[in-house]
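Structure record follows, encoded as C-alpha cells.
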Amino acid sequence: MRRAAGRQRSAALALALALALAACGGGGGAKPATPTPSATAGAAGKGTPVTQEQALVLAQLLERNWEHGGAQFNGTIPFQGQQVPISGSVDFRSGRGKAAVGAPAADARHYVWTREKVYAQSAPGKASYETQTPNPKGDPVHFAIAFLNLLSAETIDNTANIQDQDARFLRHDTLHGTPVDVYSYGSDAGTTYWVDRKTGLLRQVAADVATGGRIELTLTSHAPVKISLPGTA
Amino acid sequence: MATVKIYALRCRRAGRWAAAAGALALLAGCGGGKGGAASATPSPSAAATSAAGRVLKVPSSYATIQKAVDAARPGDMVLIAPGTYHEAVTVGDEHPRIVIRGADRNRVILDGRDAKPNGISVYADGVAVENLTVRHYQVNGVVWAADDAYAANAQFVQGWRGSYLTAYDNGLYELYAFGAQHGQFDHVYASGGPDSGIYVGRCKPCDAVVRDSVAEANHVGYEATNASGGLTVVGNVFRDNRVGVQINSLNKERGAPQTGSLLVGNLVADNQNAHAPRGSTGFGAGVVIDGGRGNTVRENRIEGNEGVGVIVLDSQDFAAQGNTIERNALRRNGTDLALEPGADGSAGNCFRDNDFTTSVPRDVEARTSCGRSRALTAAPLKLPTAPPQVDYRRVPAPPAQPSMPDAATAPAAPAVGLPETVDLSHVTPPRAGR
Numbered sequence: 003m004r005r006a007a008g009r010q011r012s013a014a015l016a017l018a019l020a021l022a023l024a025a026c027g028g029g030g031g032a033k034p035a036t037p038t039p040s041a042t043a044g045a046a047g048k049g050t051p052v053t054q055e056q057a058l059v060l061a062q063l064l065e066r067n068w069e070h071g072g073a074q075f076n077g078t079i080p081f082q083g084q085q086v087p088i089s090g091s092v093d094f095r096s097g098r099g100k101a102a103v104g105a106p107a108a109d110a111r112h113y114v115w116t117r118e119k120v121y122a123q124s125a126p127g128k129a130s131y132e133t134q135t136p137n138p139k140g141d142p143v144h145f146a147i148a149f150l151n152l153l154s155a156e157t158i159d160n161t162a163n164i165q166d167q168d169a170r171f172l173r174h175d176t177l178h179g180t181p182v183d184v185y186s187y188g189s190d191a192g193t194t195y196w197v198d199r200k201t202g203l204l205r206q207v208a209a210d211v212a213t214g215g216r217i218e219l220t221l222t223s224h225a226p227v228k229i230s231l232p233g234t235a
Numbered sequence: 002m003a004t005v006k007i008y009a010l011r012c013r014r015a016g017r018w019a020a021a022a023g024a025l026a027l028l029a030g031c032g033g034g035k036g037g038a039a040s041a042t043p044s045p046s047a048a049a050t051s052a053a054g055r056v057l058k059v060p061s062s063y064a065t066i067q068k069a070v071d072a073a074r075p076g077d078m079v080l081i082a083p084g085t086y087h088e089a090v091t092v093g094d095e096h097p098r099i100v101i102r103g104a105d106r107n108r109v110i111l112d113g114r115d116a117k118p119n120g121i122s123v124y125a126d127g128v129a130v131e132n133l134t135v136r137h138y139q140v141n142g143v144v145w146a147a148d149d150a151y152a153a154n155a156q157f158v159q160g161w162r163g164s165y166l167t168a169y170d171n172g173l174y175e176l177y178a179f180g181a182q183h184g185q186f187d188h189v190y191a192s193g194g195p196d197s198g199i200y201v202g203r204c205k206p207c208d209a210v211v212r213d214s215v216a217e218a219n220h221v222g223y224e225a226t227n228a229s230g231g232l233t234v235v236g237n238v239f240r241d242n243r244v245g246v247q248i249n250s251l252n253k254e255r256g257a258p259q260t261g262s263l264l265v266g267n268l269v270a271d272n273q274n275a276h277a278p279r280g281s282t283g284f285g286a287g288v289v290i291d292g293g294r295g296n297t298v299r300e301n302r303i304e305g306n307e308g309v310g311v312i313v314l315d316s317q318d319f320a321a322q323g324n325t326i327e328r329n330a331l332r333r334n335g336t337d338l339a340l341e342p343g344a345d346g347s348a349g350n351c352f353r354d355n356d357f358t359t360s361v362p363r364d365v366e367a368r369t370s371c372g373r374s375r376a377l378t379a380a381p382l383k384l385p386t387a388p389p390q391v392d393y394r395r396v397p398a399p400p401a402q403p404s405m406p407d408a409a410t411a412p413a414a415p416a417v418g419l420p421e422t423v424d425l426s427h428v429t430p431p432r433a434g435r
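Residue numbers (this note's numbering), protein chains in the order written: chain A, 3 to 235; chain B, 2 to 435.
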C-alpha cells in the first residue's frame, strides 16, 4: 500500500517507472553533456510462459541485488531522441549512487544521489554540485536513478503473481561471454531481464520508455559500494 | 498462542459437505466448545466420496509426501506421520479433491531449510491441507494458486481449504490463496512473514472465509489484495504485526480494484512489532483500506495500534470508495479512525456508530455519510517510522498450536462445497484484553 503498509512489487514498479517517463518533457534541469546515439537491445520476443522454476528465478532477482549490496553499471538512457551513455555505481541498500552521463568522459556530467536528493555537477569538469529534488517524471537522468533504485528488494517477489502477469522466458543467450537466460516481465512485455544462468544475478535490464527509446543497463561487479556525497555549490 | 474464541458466532453448513466433512468443520469452525453456538447440518453427499477414498500413509507406505500425492486420486487422504520432511510438495491439477493431513499439527513439520520455494503448492481444485507445520521456505508456506495454464487463461482454482496449519518464517507469505475461489482458512496460525501471514488475493468473486485464526509477528497479519466478493474474515486475531490488516487495490496485479469484503468480529491489536520482518515501510496501523471499495469493517475490537486503528485512503491507482466502518470498539490507538480524502472528498466512505475517541479529520462520523460523497479535507496522518529490517528466518518459532481433533480417525473432507455459511447475526466485538 502507499503508506501505511507500503508495499512495493518492485519489478512491476520498475516497469511502471519506465512507463511513467511518458510524462517526461525531455527537458528538465539536468542536461547531460554531449548526447551520443547508442545501440540498444531489440524489442522482446514472445517466448513462452515462465515455469514455476523460472518464476522463482525472477522472484529472487531483486532480492539478490539487495543481498549483494551494490553493483557497477553502464548503459544508455534516452534523452531528446538519442541514447546517452551512463555509467556508475549503485548502493542497493542505501539507495545511494553515482553516475557519469554523457560522452566522451571529459564531457560527462556527474551525478550523486540519495533517496531524497540528487546532486548534479554544475557543469562537466566543475567541482561544484547543485542539489535537485528527484523528478523522475520530468528528468531522464532522475528517471534512470529511480529505475536503478528499484532494482533491489528486501524480500523475494511473488512467484504466483509473476506467472499471473504473463512473465515469459525468451531465450538462452550469452552476454559478454556469460551464459544468461532472457525474460520479459510486465505489461506489454516492455521490460527485459538478462539473468546469469549460473549465479541468478541480474546482468542486464532494458525497458521501453513511452516517450521513445529504451533504458538499458548492464550490471557488473555485484558487491557493496560506498558512495560519498559531494559538497554542493 | 492458541486460537481463542473471541466472538459469538454461529455457523450453518452450506449443505454440500459430507457428514465427515461436516463433523470436521464443526470441530474446526463453530463447535469445539469455545463459545459460539454451532448448528451444522451436514449433508451426506461428500461422505461417499470420503468413504471411497483411500488413506495413503507417509512414510510407512510412501517414502515421501510427494510420492503419496502423486499416487492420490480424488477423495484420497495423504496422512503424514510425525517427523520432519525436507520436501517441497506440489499438487498438480491431475490430483484434485484430495486431503493432505498431518497426524499431529506440531510434530508433522515440513522444513524447507530456506532452500526450497514453497512447502506445499496446490494447483488443483478441491484440495485441503490440514494439521501440520510448514517453516523455512523461500517464498510461501502453503499456497493455492492457478498453475501456468490456468494463469495464462486467468482461471481460478475451484475449492481450497487450509485448516489447523502452522506456518512460520517463510520468505514472503505464510499461507496464501491466490486466484482461488470457494475456500477457507480456519484455525491457522501464521508468523514471521516479511509480507503477510494470511493472504487471500486476486479473486472475484472469492467466495471465501477466513476465521478462527491467528497472525502475529508478520509485516501484515492478514492481507487481501484485489480480493473481491463474498470474502468474510471473522473471529480472528491479528496482533503484534507491523500492520494488522490490509485490504487493498493494486493495479500491478490482475483484478483491481478490490471490492466488497467483510471484516467482522476480529481482534486487531498492538500492531507495531519492531521484531517482525518487513516487506516495506508500513508500521503501527490496525486496519488499512488502501484503494479498496465497498468493504465493511464492523464489530471488531481494534486497540493499541500506535499509529492508527482504522485508516481509509486512496491507493496509487484507485480511490477508496463506499467503505463502511461501523460498530467497532477502538481503544488506545494513536488515532482511532482516519479518512484521508482524495479528489472525491469522502467518496461515500462511511464511519458510524463506532466506539472511539480520536479521529482524523475530527468528528469523522459527522463528516461522512454512507453512500454519498461529501467535501472533506484533512492533513495526512503521520504514522510511526518503520524500524529496520528483521531477518524473517530468525523470528522465534511459535508455541505449539492446538491440533485438529481426531486427526487420526476423521475421514477425509476435500475442499468442496466451501466456504461454510457463517451466521453473523450474533457477532459482537471481541472482549478487551489479550
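Using N, Cα and C, we set each Cβ at its ideal position, and we do this for glycine too.
Original post:
How long is the line joining the alpha carbons of Gly283 (chain B) and Ala73 (chain B), rounded to whole angstroms?
Top reply: Within the second sequence, the letter at position 282 stands for residue 283 (chain B). Within the second sequence, the letter at position 72 stands for residue 73 (chain B). Going by the C-alpha atoms only, they are around 43 Å apart.
Original post:
Among the residues of its own chain, which have a CB less than 6 Å from the CB of Ile99 (chain B), if the five just before and after it don't count?
Top reply: Taking the second sequence and counting its residues from 1, one reaches residue 99 (chain B) at position 98. Result list for Ile99 (chain B): Ala73, Asp77 and Val128, in chain order.
Original post:
In this structure, does DSSP put Asp241 (chain B) in helix, strand or coil?
Top reply: In the second sequence, counting from the first residue as 1, residue 241 (chain B) sits at position 240. DSSP places Asp241 (chain B) in coil when its eight states are reduced to three.
**OP:** Would you give the residue range spanned by the beta strand (DSSP E) that Ala216 (chain B) belongs to?
**Re:** Residue numbering aside, residue 216 (chain B) sits at position 215 when the second sequence is read from its first letter. Here the beta strand (DSSP E) through Ala216 (chain B) covers Val215 to Glu217.
**OP:** Please go through the region 334 to 405 of chain B and give each complete alpha helix (DSSP H) segment of 4 or more residues, from N-terminal end onward.
**Re:** 365 to 368
**OP:** Determine the extent of the alpha helix (DSSP H) in which Ile147 (chain A) is found, giving its start and end residues.
**Re:** Working through the first sequence from its first residue, we reach residue 147 (chain A) at position 145. Run containing Ile147 (chain A): Pro142 to Asn151, per the alpha helix (DSSP H) assignment.
Original post:
Ile326 (chain B): which of B:Ser316, B:Asp345 and B:Gly293 sits nearest, CA to CA?
Top reply: For the purposes of this step, residue 326 (chain B) is identified with residue 325 of the second sequence, where counting begins at 1. Ile326 (chain B) has its Cα closest to that of B:Gly293, out of B:Ser316, B:Asp345 and B:Gly293.
**OP:** Count the other C-beta atoms from every protein chain shown that fall within 10 angstroms of the C-beta of Thr358 (chain B), then say buried if there are 16 or more, exposed otherwise.
**Re:** To locate residue 358 (chain B), count along the second sequence from 1; it is residue 357. Flag for Thr358 (chain B) reads exposed.
Original post:
Which residue's Cα is closest to the Cα of Pro118 (chain B): B:Leu57, B:Tyr124 and B:Gly142?
Top reply: What you label residue 118 (chain B) is simply residue 117 of the second sequence in a count that begins at 1. It is B:Gly142 whose Cα lies nearest to the Cα of Pro118 (chain B).
Original post:
Mind checking if Glu95 (chain B) is an interface residue toward chain A, Cβ cutoff 7 Å exclusive?
Top reply: If you number the second sequence from 1, residue 95 (chain B) lands on position 94. No, its Cβ sits nowhere closer than 7 Å to a Cβ of chain A.
Original post:
When you check each C-beta in the region 60 to 80 of chain B against every C-beta of chain A, which residues fall closer than 8 Å?
Top reply: none
Original post:
Hey, is Leu58 (chain A)'s beta-carbon within less than 7 Å of any beta-carbon in chain B?
Top reply: For the purposes of this step, residue 58 (chain A) is taken as residue 56 along the first sequence, with counting starting at 1. Closer than 7 Å to some Cβ of chain B, the Cβ of Leu58 (chain A) qualifies, so yes.
Subject >> Cβ pair Ala191 (chain B), Ala216 (chain B) closer than 7 Å >> reply: The residue labelled residue 191 (chain B) in the question sits at position 190 within the second sequence. The residue labelled residue 216 (chain B) in the question sits at position 215 within the second sequence. In this structure, Ala216 (chain B) lies closer than 7 Å to Ala191 (chain B) by Cβ.
Subject >> Terminal residues of the alpha helix (DSSP H) in which Asp159 (chain A) lies >> reply: For the purposes of this step, residue 159 (chain A) is taken as the residue at position 157 of the first sequence. From DSSP, Asp159 (chain A) is part of no alpha helix (DSSP H); its letter is neither H nor E.
**OP:** Please name the residue, chosen from B:Val144, B:Ala433 and B:Arg106, that lies closest to Pro83 (chain B) on a Cα-to-Cα basis.
**Re:** As a position in the second sequence, residue 83 (chain B) is number 82, starting the count at 1. Among B:Val144, B:Ala433 and B:Arg106, the Cα nearest to that of Pro83 (chain B) is on B:Arg106.
**OP:** Within the same chain, show all residues whose beta-carbon is closer than 7 Å to that of Asp168 (chain A), passing over the 5 residues directly before and after it, in chain order.
**Re:** Numbered from its first residue, the first sequence carries residue 168 (chain A) at position 166. Excluding sequence neighbours, Asp168 (chain A) sits near Pro51.
Original post:
Among all the DSSP beta bridges, which residues are the ones paired with Thr135 (chain A)?
Top reply: Counted from its first residue, the first sequence places residue 135 (chain A) at position 133. None; Thr135 (chain A) has no bridge partner.
Subject >> Straight-line gap, Asp241 (chain B) to Ala270 (chain B) (C-alpha atoms, nearest Å) >> reply: Within the second sequence, the letter at position 240 stands for residue 241 (chain B). Within the second sequence, the letter at position 269 stands for residue 270 (chain B). When rounded, the distance between both Cα atoms is 7 Å.
**OP:** Tell me, please, which residues DSSP counts as bridged to Gly99 (chain A).
**Re:** As a position in the first sequence, residue 99 (chain A) is number 97, starting the count at 1. Its beta-bridge partners are A:Val92 and A:Trp115.
**OP:** Identify every run of the beta strand (DSSP E) within the region 70 to 150 of chain B, keeping only runs that are complete inside it and at least 3 residues long; order them along the chain.
**Re:** 78 to 81, 84 to 86, 90 to 92, 100 to 103, 109 to 112, 119 to 123, 128 to 136 and 141 to 146
Original post:
Tell me which same chain residues have a C-beta within less than 8 Å of the C-beta of Gly93 (chain B), skipping the five on either side of it?
Top reply: For this step, residue 93 (chain B) is matched to residue 92 along the second sequence. Only Tyr124, Ala125 and Asp148 meet the Cβ criterion.
Original post:
Taking 7 Å as the CB-CB cut-off, is Asn76 (chain A) touching chain B?
Top reply: Sequence index remark: in the first sequence, residue 76 (chain A) carries index 74 (1-based). Judged by the 7 Å Cβ criterion, Asn76 (chain A) is not in contact with chain B.
**OP:** Measure the CB-CB distance between Glu307 (chain B) and Pro385 (chain B) and report whether it falls below 7 Å.
**Re:** Stepping through the second sequence from its first residue, residue 307 (chain B) is reached at position 306. Stepping through the second sequence from its first residue, residue 385 (chain B) is reached at position 384. Closer than 7 Å, so yes.
Original post:
Cα-Cα, which of B:Gln67, B:Ala146 and B:Gly172 is closest to Gln62 (chain A)?
Top reply: The sequence position of residue 62 (chain A) within the first sequence is 60, counting from 1. The option with the nearest alpha carbon to Gln62 (chain A) is B:Gly172.
Original post:
Whole beta strand (DSSP E) runs in the region 282 to 323 of chain B with 3 or more residues, listed along the chain?
Top reply: 286 to 291, 297 to 299, 302 to 304 and 309 to 314
Original post:
Does the beta-carbon distance from Val313 (chain B) to Ala321 (chain B) come in below 7 Å?
Top reply: Position 312 of the second sequence, counting from 1, holds the residue named residue 313 (chain B). Position 320 of the second sequence, counting from 1, holds the residue named residue 321 (chain B). Yes. Within cutoff.
**OP:** Could you tell me which of B:Ala209, B:Ala69, B:Gly230 and B:Ala344 sits nearest to Glu88 (chain B), measuring between CA atoms?
**Re:** For the purposes of this step, residue 88 (chain B) is identified with residue 87 of the second sequence, where counting begins at 1. Nearest C-alpha to Glu88 (chain B): B:Ala69.
**OP:** Kindly list, in the order they appear in chain A, the residues whose Cβ is closer than 7 Å to that of Pro118 (chain B).
**Re:** Position 117 of the second sequence, counted from the start, is the residue given in the question as residue 118 (chain B). Within 7 Å Cβ-Cβ: Leu58 and Thr161.
Original post:
Which stretch, first to last residue, makes up the beta strand (DSSP E) that contains Gln185 (chain B)?
Top reply: Taking the first residue of the second sequence as position 1, residue 185 (chain B) is located at position 184. Unbroken beta strand (DSSP E) run through Gln185 (chain B): Ala181 to Asp187.
Subject >> Residues of the region 149 to 177 of chain A whose Cβ lies closer than 9 Å to any Cβ of chain B, in chain order >> reply: Ala155, Glu156, Thr157, Ile158, Asp159, Asn160, Thr161, Ala162, Asn163, Gln165, Asp166, Gln167 and Asp168
Original post:
When DSSP builds the beta bridges, which residues end up paired with Ala225 (chain B)?
Top reply: As a working mapping, residue 225 (chain B) is identified with position 224 in the second sequence. Beta-bridge pairing links Ala225 (chain B) to B:Val201 and B:Ile248.
Original post:
Grouping DSSP H, G and I as helix and E and B as strand, with all else coil, what is Ala57 (chain A)?
Top reply: Position 55 of the first sequence, counted from the first residue, corresponds to residue 57 (chain A). Residue state, collapsed to three classes: helix.
Original post:
Got a sec, what are the start and stop residues for the beta strand (DSSP E) Gly72 (chain A) sits in?
Top reply: Position 70 of the first sequence, counted from the start, is the residue given in the question as residue 72 (chain A). Note, Gly72 (chain A): beta strand (DSSP E), Gly72 to Phe81.
Subject >> From A:Trp115, A:Gly127, A:Gly202 and A:Phe94, residue whose alpha carbon lies closest to that of Ala108 (chain A) >> reply: Counted from its first residue, the first sequence places residue 108 (chain A) at position 106. Answer by Cα proximity: A:Gly127.
Original post:
Mind checking if Gly172 (chain B) is an interface residue toward chain A, Cβ cutoff 7 Å exclusive?
Top reply: Along the second sequence, read from residue 1 onward, the residue named residue 172 (chain B) stands at position 171. At least one chain A Cβ lies under 7 Å of Gly172 (chain B).
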